[in-house]
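Asks:
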Amino acid sequence: MAEENKWKEAELRRDDIKKLLENTKQLAEMYSEIIGIKKAGWENVLRSREKRAEKEKQNG
Amino acid sequence: MAEFSALLTAKAEWKPHQIAKAGDLATLASAATALAETVKSTLSLASAGMEVVKLLATLQNINPLLMALDALADEVLKQIQDLKEAGYWYLYVDPYYEGNVTPTQKYNYGFEQLRNKAGKRIWEINDGSGNWSDTADIPTLAQLNEEKAKPHYTSPRKLIPGGYDRDNPLQDPLRSSADGGASKFPTFTTKEVIKEFVKAFDDEGDVPRYKLLGAVSDAPKAGEVVYDDDGNAFTGWDPKVDFGLELFDMGQASEDGSIVKNYVAARKALNSKQSVGKPNILGNTEFVGGSGAIAIIIGSHDFQSFYDVFNQFSKMFSDIPEFASDTGKNLLDALTEIVTPNPVTVKLTQVDTKYQSFVVGDIIGGKIYNSIGEITEIVEGSVVPTSMIGRKAVGDTDDEGMITTVMQDFNMNETERWIDMEVIVNPIRNIDGLNPWITGDMVLEMEKRGESGNPEIQDDVFPNYVFKGQDTTELPKASRIYPKVAIVAMEKLMVLPDSTPPDFGGIKIKDIVPGWGEFFQILENFVLQLKGMISDSSAFIQDMIDMIKQVEAFLEYMIKLIDEFLKFFQITLPSQGVYALYIPNQNGGNEGIQSELKNATGIPDLGYAAGLLFVGTEGDKLIAGGGSKNPIDLLALVLGLL
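Residue numbers (the working numbering), protein chains in the order written: chain H, 603 to 662; chain A, 337 to 978.
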């Protein structure tokens, strides 16, 4: 057992924090993308309504 | 001297630690769940507002993304749960801050021996006919024992750290620290750190302690059944006795006669934790069962490298309170002060200009208290003649020849030979540390005679200063060299200098994690508002679009912030100077870890070291990706030791 356990010079990392940060970033990016699509949808709705209103106005 | 005595304190203590604070992460976890759900429901609602053709196309694009988002939220949640479960004990062996261990004194006090200009010690040799002469050649032990040679002490004799060592007279106390010579920095070796790690398991008094909350009369009566955190029943309760684990009463929820359904919500805490104690399972420190450890030692053969590695290490582990920089002086500040002590203002009085006044660049030292420093500035306007009023008897003869004696004040410093001045001094470490400037101590000019430290290490060699002219005190008056001299009037407290960037204050996990929680909370509120605004009105649709734009801007800011944090945590601690020992889960309990620590090999004995030991005990649940029941394995994974 003693042979297995040896002190080693180690390059320590904090993967816990890194991974959590990376995942949160990814979540935020994806969410951003989705609400972007949603925004585009609402903009379409708004535009088509305006168009319709304009058409109705033209048709008198 | 002062510094070393301050380092003499109690002992290293076990403390609890979680990779990330569970309380903060709980906010994040609940917000993340809510977010995932809200995103799904708002999107389905939003799709109702879209034109049918566009909607079909959009949904096709959005579905895989939505699924990925869902999976990601699950992963974040799982990760948080894992981290929440991972609790450890940690032990910090620290010789340098509030010093919970004592660095060994690497020097002896002895009479100061004269040194020549090259720094070699001066010896007196008897020529056999009773004549003594000086030489820098080291005599033999036989010559010293037969008193045919002796060290040439300063006159008057002065006891100094690193002075003549009667038990080891041939070796220069100022030889290289690599050969066992005196070091200016307080040394604590890697072996000593390991010894402290091992010793900490033997401390019989270091057990977890819980004290009764509230009055004895309010607690359940002796002999009643009480419960632990998991709801397991315990007998043997006595409100007057301290127990080693957290205990609960069933609480008042059964007042109406019904059965307690949710014991966690209904229970009432009976005691609260007073001390953490060494690693234990349900309060038992002598357990035989699964436990594992990770020991980390920062060690170096020179203090500067130790300081550099420690600096990075403390940033990396700023979620451990001792390394956090939010409460006054932290560990790193303490080390910085050892490397570069803050300048002090010393008020000098009776500076005797007969032997010249002090100037910038002079090295001065206190005669009794061994303070040393370099004058970096003479405070403008501070140089004034010393007020020295004496009283003398003056005989006054009247016309009848009668003499009347009267006492009169007179200026003893009429020629302004003595002056007062305020000087700013950069303190210099002596072998016994930094010594204060004590009022009344005589201050003399110093000069370099030899060096101490290890010449093979950069920034480790320090000049050895002695009082100027101390080797001429036995010569005839005309040949003597007199140093500049003054008396310390007082040491003025200096305003602490501003901290040198990069300041780590803003990048602590403690700060980041609640920030995340808040981020999700704000995001969720935004989404909830969006949901409430679903309407046919064009004006509302415009509002909604504007709000989405705000959310997008907020997310962009958040992503940038995360990138900044990531940049820092991408850095791995250099392997040089950091030694790690990973003891995977084993069944020998604390004793097992102790013996593993004792027997592990492969670490050099370095002069400057501090250590951090994490211990985890086996639990019931599988963690670390389902591979282990001991959180220590998760820690090993995240630290990159696996």
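Backbone N, C-alpha and C fix where the C-beta goes; we use that ideal spot for every residue, glycine too.
#1: Is the beta carbon of K520 (chain A) less than 8 angstroms from the beta carbon of R753 (chain A)?
#2: Give the secondary structure of L780 (chain A) by DSSP, where H, G and I count as helix, E and B as strand, and everything else as coil.
#3: Can you pull the chain A neighbours of E645 (chain H), defined as C-beta to C-beta under 8 angstroms?
#4: Comparing the C-beta of L948 (chain A) with each C-beta of chain H, is any distance below 8 angstroms?
#5: What span of residues does the alpha helix (DSSP H) with L477 (chain A) cover, start to end?
#6: Under a three-way DSSP split, which group does L648 (chain H) fall into?
#7: Taking the Cβ atom as the reference point for each residue, do T525 (chain A) and L902 (chain A) lie within a distance shorter than 8 angstroms?
#8: Rounded to whole angstroms, what's the CA-CA distance from G786 (chain A) to W459 (chain A)? Just pull it up for me.
#9: For N661 (chain H), go through chain A and note every residue whose CB falls closer than 8 angstroms to its CB, in chain order.
#10: Tell me which same chain residues have a C-beta within less than 6 angstroms of the C-beta of K665 (chain A), skipping the five on either side of it?
#11: On the CB-based measure, 16 or more other CB atoms within 10 Å of its CB, does D768 (chain A) come out buried or exposed?
#12: What's the gap between the Cα of L583 (chain A) and the Cα of N921 (chain A)?
#13: If L949 (chain A) and F694 (chain A) are in contact, beta carbons under 8 angstroms, what's the gap, nearest whole angstrom?
#14: Can you look up K621 (chain H) in the DSSP assignment and give me helix, strand or coil?
#15: Using the Cβ count rule (16 or more neighbours within 10 Å means buried), how would you classify A472 (chain A)?
#16: Taking the C-alpha atoms as reference points, what is the distance between V914 (chain A) and A631 (chain A)?
#17: Go through its chain and collect everything with a Cβ distance to K690 (chain A)'s Cβ below 7 angstroms, but skip five positions before and after it.
#18: Less than 6 angstroms between C-beta atoms, sequence neighbours within five positions excluded: which residues of the same chain meet that for G947 (chain A)?
#19: Using a C-beta cutoff of 8 angstroms, does G938 (chain A) count as contacting chain H?
#20: Is it buried or exposed, D839 (chain A), if we count other Cβ atoms within 10 angstroms and call 16 or more buried?
#21: Under 8 angstroms between C-beta atoms, does E713 (chain A) make it to chain H?
#22: In whole angstroms, what separates the C-alpha of N646 (chain H) from that of I619 (chain H)?
#23: Report all residues from its chain with a CB closer than 6 angstroms to the CB of E750 (chain A); omit the five preceding and five following residues, and keep chain order.
#24: Can you tell me the Cα-Cα spacing of V802 (chain A) and E781 (chain A), whole angstroms?
#25: A409 (chain A) versus chain H: which residues are under 8 angstroms apart at the beta carbon?
#26: P505 (chain A) to L495 (chain A), Cα distance in whole Å?
#27: Please report the distance separating the alpha-carbon of I461 (chain A) from that of N444 (chain A).
#28: Is S641 (chain A) buried or exposed, if buried means 16 or more other CB atoms sit within 10 Å of its CB?
#29: Buried or exposed: which applies to D662 (chain A), given that a residue is buried once 16 or more other Cβ atoms fall within 10 Å of its Cβ?
#30: CA-CA distance, K641 (chain H) and L973 (chain A)?
#31: Under a Cβ-count criterion, where at least 16 other Cβ atoms within 10 Å of its own Cβ denotes burial, should Q744 (chain A) be classed as buried or exposed?
#32: Opposite E528 (chain A) in the DSSP bridges: which residues?
#33: For D892 (chain A), collect the residues of the same chain with a Cβ closer than 6 angstroms to its Cβ; drop the 5 residues on either side in sequence, then sort them by chain order.
#34: Given that I898 (chain A) touches chain H, what residues does it touch there, using C-beta distances under 9 angstroms?
#35: Tell me, please, whether the CB atom of Y428 (chain A) is closer than 8 angstroms to any CB atom in chain H?
#36: If we cut at 8 angstroms on Cβ distances, does R654 (chain H) have a partner in chain A?
Replies: On the basis of the supplied data:
#1: no
#2: strand
#3: I881
#4: no
#5: L477 to N481
#6: helix
#7: no
#8: 15 angstroms
#9: What N661 (chain H) touches in chain A: nothing, since even the nearest Cβ is about 19 angstroms away.
#10: Any reading at K665 (chain A) needs caution, since the residue's pLDDT is 49, under 50, leaving its predicted position unreliable; the model's value is listed next. Here the set comprises nothing.
#11: buried
#12: 28 angstroms
#13: With 8 angstroms as the limit, L949 (chain A) and F694 (chain A) do not qualify as a contact, their Cβ atoms being about 50 angstroms apart.
#14: helix
#15: Per the 10 Å Cβ criterion, exposed.
#16: 10 angstroms
#17: R753
#18: V429, V529 and I633
#19: yes
#20: Annotation note: pLDDT 32 at D839 (chain A) (below 50); position unreliable, coordinate value reported separately. Counting Cβ neighbours within 10 Å, D839 (chain A) comes out exposed, since fewer than 16 surround it.
#21: no
#22: 40 angstroms
#23: none
#24: 9 angstroms
#25: Within 8 angstroms of the CB of A409 (chain A), the CB atoms of chain H belong to L629, in sequence order along the chain.
#26: 15 angstroms
#27: As the crow flies, the alpha-carbon of I461 (chain A) is around 24 angstroms from that of N444 (chain A).
#28: buried
#29: With a pLDDT of only 47 at D662 (chain A), under the threshold of 50, the placement of this residue in the model should not be trusted; the figure read from the coordinates follows. D662 (chain A) should be labelled exposed.
#30: 41 angstroms
#31: exposed
#32: Beta bridge pairing from DSSP links E528 (chain A) with no other residue.
#33: At residue 892 (chain A) the sequence reads Glu, which differs from the Asp that was named. Taken in chain order, the list of residues that qualify is empty.
#34: L623, E624, T626, K627 and A630
#35: no
#36: Not one chain A Cβ lies under 8 angstroms of R654 (chain H).
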